[in-house]
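In the numbering used here, the protein residues as written are 6 to 264. Cβ coordinates follow ideal geometry from the N, Cα and C atoms, glycine included. Report on one structure; see the data block that follows.
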Amino acid sequence: MDFKYLIVDSADGIAKVTINKPKSLNALNSELLKELNACFHALDEDEAVDVVVVTGEGKAFVAGADISEMQPLAAAEAYAFAKLGMDTFMLIEHMSKPVIAAVNGFALGGGCELALACDIRIASEKAVFGQPEVGLGITPGFGGTQRLARTVGVGIAKELIYTAKNIKADRAYEIGLVNKVVAPEELDDAAMEMAKTIAGNAKLAVSYAKAAIVDGIQADIHTGMDIEKSAFSLCFATEDQKEGMKAFLEKRGAEFKGQ
Ligand code: CO8
């Protein structure tokens, strides 16, 4: 895959996507969003990829949507821009494999929203999070009002969005916005280690679990339980379920085939 703003490295079932537009702190313009969309579509289809890690080059993960592109937009154009970002982040949230955000620096506005669309967030001690939109005269537009509230709770989401104040990695950890915080030089290894652990499990079971969590969290508990029952029973149609349980009973490690 050749992209102007993305570097994609794949090995051993793990694809690493690096957003590489460091001069503008990886700000998301429509060209970059279209590349992310195409890239994640391709990774979702790629049977050799089990887990994706996304990170940013330089001192930012993503410092938001591109303000210079947004400034002159009319309402209909703004709607189209928001839709492009939302469709791309929905794709990430709903794709069949887990995505880990390795947040290396600024994750502001659309950058925080990108991290929120990922399954798991690991932050460098240098990471900074925030939804600065109301300071620019806009609301979050790539899903921030919805996913931030679902991730950290309504009260904290309102505080972050209304005040437009940035927070550091330790506060992001305290409020449950990130799963863990590591030293900057350990970020890559920490994300890869988690990706390898996930990739070592039965990939269809991981994929069904992701779908059950992502779809179930939007539903009432009864619907959520129905979704889980379907996911659980579907696993019994896989070879990996037979192998995983057989291996346990034979006191050996499972050899999963992803089937
Ligand atoms: N858009 C465009 N350019 C940016 C952005 C951005 N979001 N962020 C940084 N840049 C550019 C700067 O303009 C600067 O460019 P240049 O060198 O040409 O002057 C370069 O990146 C480096 O930035 P700074 O010199 O400002 O670097 P600092 O280290 O001094 O500051 C900050 C870093 C604090 C991250 C600062 O750059 C900043 O505050 N950036 C803006 C952060 C922000 O407000 N992000 C939210 C944007 S709005 C958004 O994301 C909405 C998403 C939904 C959109 C829906 C559309 C309808």
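{"Check": "Under the criterion of a Cβ to heavy atom distance below 7 Å, does I72 qualify as lining the ligand CO8?", "Outcome": "yes"}
{"Check": "Between A195 and the ligand CO8, is the CB less than 7 Å from at least one heavy atom?", "Outcome": "no"}
{"Check": "Skipping 5 residues on each side, what residues in its chain have a beta carbon closer than 7 Å to that of V104?", "Outcome": "V57, V59, I97, C123 and D124"}
{"Check": "Does DSSP classify A188 as helix, strand or coil?", "Outcome": "coil"}
{"Check": "So, are the CB atoms of I182 and T144 less than 8 Å apart?", "Outcome": "Note that residue 182 is Leu in the sequence shown here, rather than Ile. Their beta carbons are not under 8 Å apart, which means L182 does not touch T144 by this criterion."}
{"Check": "Do the segment 29-37 and the segment 58-77 make contact, defined as three or more Cβ pairs closer than 8 Å?", "Outcome": "yes"}
{"Check": "Under a three-way DSSP split, which group does T93 fall into?", "Outcome": "helix"}
{"Check": "Which of the three DSSP states, helix, strand or coil, is assigned to G115?", "Outcome": "helix"}
{"Check": "Using 7 Å as the cut-off, classify the Cβ of S29 as near or not near the heavy atoms of the ligand CO8, replying yes or no.", "Outcome": "yes"}
{"Check": "Which of helix, strand or coil does DSSP assign to S29?", "Outcome": "helix"}
{"Check": "How big is the Cα-Cα spacing for V159 and Q223?", "Outcome": "15 Å"}
{"Check": "At a threshold of 7 Å, does F147 count as lining the ligand CO8 (C-beta to nearest heavy atom)?", "Outcome": "yes"}
{"Check": "Which residues in the same chain as L192 place their Cβ atom closer than 7 Å to its Cβ, once the five residues preceding and following it in sequence are excluded?", "Outcome": "A107, N109, I127 and S129"}
{"Check": "Nearest CA to the CA of D7: which residue from P27, I19 and A47?", "Outcome": "A47"}
{"Check": "Between which two residues does the alpha helix (DSSP H) carrying D231 extend?", "Outcome": "I226 to C240"}
{"Check": "Taking the Cβ atom as the reference point for each residue, do Y10 and K26 lie within a distance shorter than 8 Å?", "Outcome": "yes"}
{"Check": "Go ahead and label R152 buried or exposed: buried means 16 or more other beta carbons lie within 10 angstroms of its beta carbon, across all protein chains shown.", "Outcome": "buried"}
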